[in-house]
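Peer 1: Protein chains in written order, with my numbering: chain A, 38 to 579; chain B, 15 to 160; chain C, 1304 to 1617; chain D, 313 to 527. Handing you a structure now.
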Amino acid sequence: MEHTIPEKHYLNEATGWKSWLMTLDHKRIGILYMIMVMFSFFLAGVFALLIRWELLSPDKIFMGPEMYNQAFSLHGIIMIFLFIIPSIPAILGNFVMPLMIGAKDVAFPRLNLASWYIYVIGFCFAVYALFAGGIDTGWTFYTPYSSESTTAVIPILTAAFVLGFSSIFTGLNFIVTIHRLRAPGMTWFQLPLFVWAIYATALIQVLATPVLGITLALLMLERVVGIGIFDPAMGGDPVLFQHFFWFYSHPAVYIMILPGMGIISELIATFSHRRIFGYKFIAFSSLGIAFTGFLVWGHHMFVSGQSDLAAVIFSFLTFFVGIPSGIKILNWIATMYKGSISLDSPMLWALSFLILFSIGGFTGIVLGTLSIDVHLHDTYFVVSHFHYVMVGGTVMAIFGGLHYWWPKIWGRMYNETLARIAVVMIFVGFNVTFFVQFIMGTQGMPRRYATYLPQFQGMHGFSSIGALIMGVGFLLIAIYLIHAIFRGKPAGPNPWKSLTMEWETPSPPTAGNFEGQPVLEHGPYDYDKVIPENSLKPYKTL
Amino acid sequence: MKDDAAQRHILPLNLYLAVGSALLVLTVITVAVAQMDFGPMNLLIAMGIAVVKATLVAMFFMHLKYDNRIYMLVFVGSLLFLAVFIIFTMFDTLRRGDIYEEIAEPYLKEAVIYRTAETTTASSHPAADSSQTAIKTETETETSEQ
Amino acid sequence: MDTARTLFLPPQGSTVASDVDALFGFIFWVSLFFFVGVTALTVYFCIKYKRKDGKAETTPYIESMALEITWIVIPTILLMVIFVWGFQDFVRLHIVPANSMEIKVTGQKWFWSYNYEEGATGVGELVVPVGQPVKLLMSSKDVIHSFFVPAFRIKMDVLPNRYTITWFEATMTGEFQIYCTEFCGKGHSEMWGTVKVLPQDEFDKWLEAGSGPDSNETMAEYGARMFVKNACNTCHSIDGSKNVGPTFQGLFGRREVMSDGTAITVDENYIRESVLNPMAKQVAGYDPVMPTYQGILKDVDIDGLIAYIKSLEN
Amino acid sequence: MSQTTEHPAHLQHHFSDVHQQAESAKLGMWIFLLTEVLLFGGLFCFYAIYRSWNPEMFHNAHAFLNVWMGATNTVVLIVSSLTMALAIRSMQLGKRKLTMWFLAGTVFLACVFMVIKYFEYSHKIHLGQLPGKWYFFEGIAGTNPHIFFSAYFLMTGLHGFHVLGGIAVITWLFIKTARGSFSPEYYTPIEMTGLYWHLVDLIWIFLFPLFYLIG
């Protein structure tokens, strides 16, 4: 069946740059975010490749230690604050979530646009810092090093501070939207699991981010006026800074991974064509992770000199974060059982997620164990672990989500063959890059090293080759996805034959999302009751 | 759900005035009590009165008593997470050096080993005041076993 | 169990190492078991239930509370076992045996120095006897560092405002790598050292021996040894390249412009002053980061260094 | 914002009715207050930890704060909270003039609060009871008394900024009320500002005993 692009949709409804920069449409704001966030991803990716290039040899190739320290700090800061935290909520959450719950927009459209502008301001500060001396503290800003560093610490702290507000406002907006703007009939347990995940994420965003704000503000005051809270010379305590920092930054890890898990739930259900197994367990495990995530920050500090009592409590609670993640993985696999599985490219991303995130999870258990963490803390084992979670988890999920919703966002389909090649490249490249880092880490290779002992050169070289494969893979994705926007074949309203509400709108959707107020007619995963087709069907409205 | 009257719950003027007066009286009480010394109870009394005042403001001025329970949940939730933050951090700060405090004792006197500050008086070890604790005795027994 | 250890972990150089490795091995094999299971099931389902001819077939939905509870309870039990096991080893890692010998460890940008109770000092190379518990009492002079000996499975942050403690008992003689694992700036990745584990009698001899050149050594050769031992090479090159500090090649007799604009000729007194009071006169264009070696280097060491620098002509 | 004829002017197009819009605003406001609580929370945590480390220094240093000024400010803020609540009530009853009086009263009391704060601050700056490295006062026994003043200036300072913000917003409300933008059907902005203002009061209720009344 040939599909056509509808005549009027949100992309051409109004034209001109002003219609974009002043838009209040959540879909357009999602796209504005996509441009900025993906550019940040590219920028941080370049730093990653520079790092891997320099590490081909223990001797200096082109970066001395000072430049290297800047490269890894900028890689971390840009990846975390500018890419991975806003990525899924701000791009896909913005675009898809209101459609999924049958809403015309988010609760506060102006605040939504303001969040984007705040993000842009933060981005500008970060870019300014890049040219005003860079930053060499690592993304963790540990005192007293960060209060002494001669690099552009203040601009980068301002950037992170400002970006925090963007994150808070997005989270606030989503919570209210999910509470107040659900379509009639959409009870909490009829919500798609992606919405549950976005909800849990938003809770963390509003609860944890203010503490980051005050922490960074204190650090700035420490540098500018010398209030001495974290300064050992004035009776301050640097370990206290670590508590303040990780109270935000550990839950932030779940800001990064939870929405990814939400996407995977959608992908597994759609491409297995099957009702999701253990819906409530998956939904509540998201909330469980969000809550427990607040109680475990001290596991970043087992060797920091915190009290042994604290270390023991934090380690004990850490193991309880593992359980909800395990529940999710097993429920996803159970969903595939007796399904009708189609291995389209979004599903391949989801399968990569399952495997890589499992490795990330298992190595997390190793690190949560007190005695072993003493050995592995701040080594490449940690580096590899969180890349398995963040890249193997979140990045796989966001690209799975982009491939899944790309036809909905633009109305056009990308080249499936290239998409499959790309996912295989990323999967292979990723494992080549990071698996050896587990071995290096256990053997004692510390992280953030510009140079290293010759015994590690073989493994570092191997790792760098993998990074190159990944880099080419991401480039390939950029090419065919952008090509699809202009030249792709029209995809039709529901190319994957999914049952969630966003697929009942035309692709691309109209500016107001729905004609009238839609009413929920079937659950998001009722594959045993309803047979979805790739065509527009009139839905019931109020 | 569309019951506008419930949303616009108008409280009687006298209630507002009564709550306001109660807050003022409690302020006077807390200042008066602070002039007396109850030892370690001082902090508890002061905080207890503050909590009562805060509850009055939240319940009546902020209408929590009459509004949808979800707002109460949001507010209490924020306090809960704040409590987690403070208490868990204190698991560290109050219990530092549990295991080896005594061993380090001779060194505490010269604890400012960072660049010496000129403007401030010498600070003591942050954990120097921390009291003997349960875990300490526990670990000591283990030491003696070795 | 041993495959996991030899593939992943460094040699076991201390008494706690085998305990830590045993737990690592346990988690490794349990994880591997579950990981293989998860992957195999995923792949099997993908093949077995692959959609045929593009027709999506639906089957009635199954729900199983029993299954959910099983896969919640079993991992919880396993995780608790791991927690308790790790906790016990952690306590052992943190409680210093009563008969330990104590060494004061100081971390600063970017080297480690050691003070023994007997009065001996050392930089970079930590000399300890085998089979004797050693307690390290550690502090930092500037930012946070972290003392890490992979072969001993110990690591502890070194803080500027208080003492932290770790301990080990070496089980074999040899040299083991020390790393700094808390990011501390430019020289972080070369803030290395070694632990040199000696038999007790050799250690005693080492402790008693004073400093100064060996009988068959010239002063310049001795200085070269001090240059490496005291980690001068972290910041000063001998091949003319610019590092954190000025190169030593051709340094002696060179005219250098100071940061306050004056120029001086490098002579014995300037070198001596720069070692003991580095902030007094600094060469322009370098950050004031050189630490003082007052109390670490003896006169004979400085004499050796001067002789060594003299020998490094262009 | 598109408006259709059967909808009230203040109803935005993506809400189905006024009630949904008002409840959304209120939930949003409460979540904003939650972020405020945690923002201040960082400072409360900082206060709690340093006080637990240096109880005597905190006790000695607090003696240099003026209890009467603090108590006066507490009374001022409580009364302003009351006037704010009454302003909302008046608007619920449709008494526009009375609302304006109460709003004006709230702004006036907030200004009184800031004036008293100004006198307190300038006295401390004069004596050198300042945070961190600026501290030069002598005569407080105990270690690191500057930490107490770091906490004092940070917490009351952040609170003071919130009072200033409140003054600005309430003044804006006053103007809007004067122009007749609000009615018993639509007074959400006054209600939301009221919540904010009560939170500012509520935080002061804790700051006052923690700084001025250390036993």
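Heads up, the beta-carbon is just placed ideally off N, CA and C, and yes, glycines get one too. Since this is a predicted model, take the numbers as computed values, not measurements.
Going by C-alpha distance, which of A:E50, A:S94, A:P43 is nearest A:S501?
Peer 2: Position 464 of the first sequence holds residue 501 of chain A. The shortest Cα separation from A:S501 among A:E50, A:S94, A:P43 belongs to A:S94.
Peer 1: Name the DSSP bridge partner or partners of C:G1496?
Peer 2: For the purposes of this step, residue 1496 of chain C is identified with residue 193 of the third sequence, where counting begins at 1. Its beta-bridge partners are C:I1481.
Peer 1: Under the rule that 16 or more other beta-carbon atoms within 10 Å means buried, what is B:Q49, buried or exposed?
Peer 2: For the purposes of this step, residue 49 of chain B is taken as the residue at position 35 of the second sequence. Exposed.
Peer 1: Once you ignore the five residues that flank C:V1560 on each side, which residues in its own chain have a CB closer than 6 angstroms to its CB?
Peer 2: What you label residue 1560 of chain C is simply residue 257 of the third sequence in a count that begins at 1. Cβ within range, chain order: A1566, A1587.
Peer 1: Compute the distance between the beta-carbons of A:T329 and A:F357, then report whether it is under 8 angstroms.
Peer 2: Residue 329 of chain A sits at position 292 when you count from the first residue of the first sequence. Residue 357 of chain A sits at position 320 when you count from the first residue of the first sequence. Yes, the pair counts as a contact, with Cβ atoms nearer than the cut-off.
Peer 1: Check for me: the alpha helix (DSSP H) holding A:W225 runs from which residue to which?
Peer 2: By 1-based counting over the first sequence, the position of residue 225 of chain A is 188. Note, A:W225: premise wrong, no alpha helix (DSSP H); not H, not E.
Peer 1: Suppose you measure from the CA of A:E259 to the CA of A:P181; what does that come to, to the nearest Å?
Peer 2: Taking the first sequence and counting its residues from 1, one reaches residue 259 of chain A at position 222. Taking the first sequence and counting its residues from 1, one reaches residue 181 of chain A at position 144. Distance between the alpha carbons of A:E259 and A:P181 is about 10 angstroms.
Peer 1: Given 8 angstroms as the limit, is there contact between the region 245-252 of chain A and the region 153-161 of chain A, that is, 3 or more CB pairs closer than that?
Peer 2: Verdict: no, contact absent.
Peer 1: Taking the Cβ atom as the reference point for each residue, do D:M467 and D:I428 lie within a distance shorter than 8 angstroms?
Peer 2: Counted from its first residue, the fourth sequence places residue 467 of chain D at position 155. Counted from its first residue, the fourth sequence places residue 428 of chain D at position 116. Not a contact, by the Cβ cut-off of 8 angstroms.
Peer 1: Please state the DSSP three-state secondary structure of C:N1418.
Peer 2: Working through the third sequence from its first residue, we reach residue 1418 of chain C at position 115. If DSSP states are grouped into helix, strand and coil, C:N1418 belongs with the strands.
Peer 1: Could you name the residues of the same chain whose beta carbon sits closer than 6 angstroms to that of C:C1538, not counting the 5 residues immediately before and after it, in chain order?
Peer 2: Counting from 1 along the third sequence, the entry for residue 1538 of chain C is found at position 235. The residues are N1546, V1547, G1548.
Peer 1: Give the interface partners of A:A327 over in chain B, defined as CB-CB distance under 7 angstroms, in chain order.
Peer 2: Residue 327 of chain A sits at position 290 when you count from the first residue of the first sequence. Simply none; closest approach about 11 angstroms.
Peer 1: At a CB distance below 9 angstroms, what residues from the region 471-491 of chain A approach chain C? Give them in sequence order.
Peer 2: Of all residues in the region 471-491 of chain A, F475, I476, G478, T479, Q480, G481, M482, P483, R484, R485, Y486, A487, T488, Y489, L490 have a Cβ within less than 9 angstroms of some Cβ in chain C.
Peer 1: Exposed or buried, B:L87, counting other C-beta atoms within 10 Å across all chains shown (16 or more means buried)?
Peer 2: Here residue 87 of chain B corresponds to residue number 73 of the second sequence, with the count starting at 1. Exposed, by the Cβ-count rule.
Peer 1: List, in chain order, every chain A residue whose beta-carbon is nearer than 8 angstroms to that of B:F52.
Peer 2: Residue mapping note: residue 52 of chain B aligns to position 38 of the second sequence, counting from 1. Those within 8 angstroms of B:F52 in chain A number zero; the least Cβ separation is about 29 angstroms.
Peer 1: Would you list the one or two residues that DSSP bridges to B:D106?
Peer 2: Residue 106 of chain B sits at position 92 when you count from the first residue of the second sequence. Partner(s): none; B:D106 has no beta bridge.
Peer 1: Per DSSP, C:I1406 forms a beta bridge with which residues?
Peer 2: Taking the first residue of the third sequence as position 1, residue 1406 of chain C is located at position 103. Per DSSP, C:Y1419, C:L1439.
Peer 1: Please report whether the beta-carbon of A:Y564 lies at a distance below 8 angstroms from any beta-carbon of chain C.
Peer 2: Working through the first sequence from its first residue, we reach residue 564 of chain A at position 527. It does; some Cβ of chain C falls within 8 angstroms.
Peer 1: Does the beta carbon of B:M73 come closer than 8 angstroms to any beta carbon on chain D?
Peer 2: Walking along the second sequence from the start, residue 73 of chain B turns up at place 59. Judged by the 8 angstroms Cβ criterion, B:M73 is not in contact with chain D.
Peer 1: Note down the Cα distance separating A:A387 from D:Y433, rounded to an integer number of angstroms.
Peer 2: Numbered from its first residue, the first sequence carries residue 387 of chain A at position 350. Numbered from its first residue, the fourth sequence carries residue 433 of chain D at position 121. Cα to Cα, the separation comes out at about 59 angstroms.
Peer 1: Using three-state DSSP, classify C:T1424 as helix, strand or coil.
Peer 2: In the third sequence, counting from the first residue as 1, residue 1424 of chain C sits at position 121. Correct three-state label for C:T1424: strand.
Peer 1: Helix or strand or just coil, what does DSSP make of C:A1566?
Peer 2: Residue 1566 of chain C sits at position 263 when you count from the first residue of the third sequence. Note: C:A1566 maps to strand in three-state DSSP.
Peer 1: DSSP three-state label for C:E1559, please.
Peer 2: As a first step, residue 1559 of chain C is located in the third sequence; it is residue number 256 there, counting from the start. Three-state result, C:E1559: strand.
Peer 1: Going along the chain, which residues of the region 244-255 of chain A sit with their C-beta nearer than 8 angstroms to a C-beta in chain B?
Peer 2: Taking 8 angstroms as the Cβ-Cβ cut-off against chain B, the residues of the region 244-255 of chain A that qualify are L244, V248.
Peer 1: What residues in the region 501-527 of chain D have a beta carbon less than 7 angstroms from any beta carbon of chain B?
Peer 2: Listed in sequence order: L507, H510, D513, L514, I517, F518, P521, L525, G527.
Peer 1: Determine the closest residue to A:G553 out of A:S544, A:P545, A:P575, A:V567, with distance taken between C-alpha atoms.
Peer 2: Here residue 553 of chain A corresponds to residue number 516 of the first sequence, with the count starting at 1. Comparing Cα-Cα distances from A:G553 to each of A:S544, A:P545, A:P575, A:V567, the minimum goes to A:P575.
Peer 1: Looking at the secondary structure, which residues open and close the beta strand (DSSP E) in which C:F1471 lies?
Peer 2: As a working mapping, residue 1471 of chain C is identified with position 168 in the third sequence. Taken as a continuous stretch (DSSP letters only), the beta strand (DSSP E) holding C:F1471 covers 1467-1472.
Peer 1: Run down chain B in chain order and give the residues with a C-beta less than 7 angstroms from the C-beta of A:H280.
Peer 2: Stepping through the first sequence from its first residue, residue 280 of chain A is reached at position 243. Simply T103, D106.
Peer 1: Is the beta carbon of A:F321 less than 8 angstroms from the beta carbon of B:F95?
Peer 2: To locate residue 321 of chain A, count along the first sequence from 1; it is residue 284. To locate residue 95 of chain B, count along the second sequence from 1; it is residue 81. No. Outside cutoff.
Peer 1: Compute the distance between the beta-carbons of A:A456 and A:Y517, then report whether it is under 8 angstroms.
Peer 2: Here the question's residue 456 of chain A lines up with position 419 in the first sequence. Here the question's residue 517 of chain A lines up with position 480 in the first sequence. Yes, Cβ-Cβ distance for A:A456 and A:Y517 is below 8 angstroms.
Peer 1: If you follow the beta strand (DSSP E) that A:H112 is part of, which residue opens it and which one closes it?
Peer 2: Your numbering for residue 112 of chain A matches position 75 in the first sequence. Premise fails: A:H112 lies in the alpha helix (DSSP H), 102-114, not in any beta strand (DSSP E).
Peer 1: Measure the alpha-carbon distance for C:D1616 versus C:L1554 and round it to whole angstroms.
Peer 2: Reading the third sequence from its first residue, position 313 is the one you call residue 1616 of chain C. Reading the third sequence from its first residue, position 251 is the one you call residue 1554 of chain C. Reading the sequence as shown, one finds Glu at residue 1616 of chain C and not Asp. Computed Cα separation, rounded: 8 angstroms.
Peer 1: Expressed to the nearest angstrom, what Euclidean distance is found between the alpha-carbon atoms of C:G1526 and C:E1478?
Peer 2: Indexing the third sequence from 1 puts residue 1526 of chain C at position 223. Indexing the third sequence from 1 puts residue 1478 of chain C at position 175. Approximately 22 angstroms between the Cα atoms of the pair.
Peer 1: In this structure, does DSSP put D:M381 in helix, strand or coil?
Peer 2: Taking the fourth sequence and counting its residues from 1, one reaches residue 381 of chain D at position 69. Helix, per DSSP.
Peer 1: Can you tell me which of the three DSSP states D:L415 falls into?
Peer 2: The residue labelled residue 415 of chain D in the question sits at position 103 within the fourth sequence. Here D:L415 sits in helix by DSSP.
Peer 1: Applying the criterion that 16 or more other CB atoms from any shown protein chain within 10 Å of the CB defines a buried residue, is D:I343 buried or exposed?
Peer 2: Counting from 1 along the fourth sequence, the entry for residue 343 of chain D is found at position 31. So D:I343 ends up on the buried side.
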